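Quick note on numbering: the sequence shown equals residues -19 to -1, 1 to 295 in mature numbering (1 follows the signal peptide of the UniProt record, and there is no 0).
Here the structure is laid out as structure tokens; the discussion comes afterwards.
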Amino acid sequence: MMMFIQCLTLMLLYGGGVGGVTITRLSVPRTVLANTSSVTMDCVYTVPDQQRLGLVVKWYVDMVHLVYQWIPPQKPQALGLLSDRVDTSYKAAREWWAEYRAIRITKLDPTLSGDYSCTVSTYEDEDTSTAPLLVWVPSSSVRVHYWRTSATQVNVTCVARNVAPRPDFTLYTLYPDRNRMDVGSVGRMEASRGGGLWDVGEWGLIDWARTPPDTVVGCIVTVQLTKYRDIHETIYDPNLPIITTTTTTTTTTTPRPRHSSNLANNAPSTGASLLDFSGLFGAANRGSRRRAGWYLKSLSGLFLGLYHWRRGHL
């Protein structure tokens, strides 16, 4: 009996899963707009008096990248991804064993998105808690382009630039009678701009013969977990030259939100390179070439983005 009491006493004093370190609250904002002045992530915990010797507080990104460490009585250290982005003078509590438990991050940009884990450990025990952070950026521009790819089909492409994370698209047509029809996605294209930003486009096909003049061709761009919503619309004119290309590309699909893909492999193809503008519009008849020049101007921004994307993936 005496031996049992002694063992129980040791368990209470030195952890063993009883009365040890416990994280009671992990405070991480779910979404933050980039360039916000600062954001504070707090890790609230309890530690028995007899276990506070040997206390270590660490923060990780995506479970493997150490970005913050505090070992009392030393000052905290910001490391790796956060090496120059943390206010290490910030104190979250008055108690010596909790004052530097939180991290106040400045210089927020999309590269800081990820799963943030707080680990609190002593010589006897350890506890970890994890929460996601999304740093997002609204698109600098959203544009809808359309062109006729064959005798029967029109390509509708929506492009969002300098956005993070990769957005979601809804393509649609709004007929003169106000009847709206969603346009199914056929392919997607993405180009990294650096700094966590993306140029992203999505395209679908509509029936040339069944789409009347003055139909609204539109696109809605949204960013997951935020209230961001951007809409761009243009008026459809069916008097289009047939524009085709020979570019052959492939689509790679991986789970969102961390995915990348090229143009869909069933993209329209004929006799001109995607970037060969003279060949691209040469197939149009003379009466259509003046109109083709207008399309060249409206699509030049899209092709320029694709050009940079192609160079970055060679």
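C-beta: ideal position from N, C-alpha, C; glycine also.
Small disclaimer: the values here were computed from a predicted structure and weren't measured.
Taking 8 angstroms as the cut-off, decide whether the C-beta atoms of residue i and residue j are in contact.
{"i": "residue 135", "j": "residue 213", "result": "no"}
{"i": "residue 161", "j": "residue 153", "result": "yes"}
{"i": "residue 26", "j": "residue 85", "result": "no"}
{"i": "residue 225", "j": "residue 182", "result": "no"}
{"i": "residue 118", "j": "residue 101", "result": "no"}
{"i": "residue 52", "j": "residue 42", "result": "no"}
{"i": "residue 203", "j": "residue 209", "result": "yes"}
{"i": "residue 32", "j": "residue 1", "result": "yes"}
{"i": "residue 142", "j": "residue 173", "result": "no"}
{"i": "residue 110", "j": "residue 4", "result": "yes"}
Within its chain, find whatever has a CB closer than 7 angstroms to the CB of residue i; leave out the 5 residues flanking it on each side and keep chain order.
{"i": "residue 17", "result": "89"}
{"i": "residue 10", "result": "20 and 114"}
{"i": "residue 116", "result": "13, 15, 89, 90, 91, 93 and 94"}
{"i": "residue 302", "result": "The displayed coordinates of the chain run from -19 to 295. Any statement about residue 302 would go beyond what the structure contains."}
{"i": "residue 196", "result": "154, 155, 156, 157 and 217"}
{"i": "residue 61", "result": "46, 47 and 48"}
{"i": "residue 259", "result": "With a pLDDT of 32 at residue 259, under the threshold of 50, the predicted position of this residue should be treated as unreliable, though the coordinate-derived value follows. There are no such residues."}
{"i": "residue 129", "result": "135, 189, 221, 222, 223 and 224"}
Between which two residues does the beta strand (DSSP E) holding residue i run?
{"i": "residue 110", "result": "107 to 117"}
{"i": "residue 141", "result": "134 to 144"}
{"i": "residue 175", "result": "168 to 175"}
{"i": "residue 162", "result": "161 to 164"}
{"i": "residue 22", "result": "20 to 27"}
{"i": "residue 1", "result": "Here residue 1 belongs to no beta strand (DSSP E), and DSSP marks it neither H nor E."}
{"i": "residue 153", "result": "149 to 155"}
{"i": "residue 9", "result": "Taken as a continuous stretch (DSSP letters only), residue 9 belongs to no beta strand (DSSP E), as it is neither H nor E."}
Rounded C-beta distance between residue i and residue j? I'm assuming under 8 angstroms.
{"i": "residue 96", "j": "residue 44", "result": "7 angstroms"}
{"i": "residue 123", "j": "residue 78", "result": "So it is not a contact: roughly 50 angstroms between Cβ atoms."}
{"i": "residue 40", "j": "residue 98", "result": "7 angstroms"}
{"i": "residue 7", "j": "residue 112", "result": "5 angstroms"}
What does a CB cutoff of less than 8 angstroms around residue i pick up in its chain, not counting 5 residues either side in sequence?
{"i": "residue 133", "result": "188, 189 and 190"}
{"i": "residue 149", "result": "202, 203, 204 and 205"}
{"i": "residue 54", "result": "77"}
{"i": "residue 59", "result": "48, 49, 65, 66, 67, 69 and 84"}
Leaving aside the five residues before and after residue i along the sequence, list all residues of the same chain whose C-beta is less than 6 angstroms from its C-beta, in chain order.
{"i": "residue 104", "result": "35"}
{"i": "residue 194", "result": "219"}
{"i": "residue 73", "result": "23, 82 and 83"}
{"i": "residue 65", "result": "none"}
{"i": "residue 151", "result": "201"}
{"i": "residue 131", "result": "none"}
{"i": "residue 57", "result": "51, 69 and 81"}
{"i": "residue 87", "result": "19 and 66"}
{"i": "residue 71", "result": "85"}
{"i": "residue 207", "result": "12 and 117"}
{"i": "residue 30", "result": "none"}
Answer yes or no: does any C-beta atom of chain B fall closer than 8 angstroms to that of residue i?
{"i": "residue 102", "result": "Among the chains of the structure shown, chain B does not appear; only one protein chain is present."}
Quiz item: Taking the runs of the beta strand (DSSP E) that are 3 residues or longer, which of them lie wholly in the stretch 19 to 101?
Solution: 20 to 27, 37 to 42, 46 to 51 and 84 to 86
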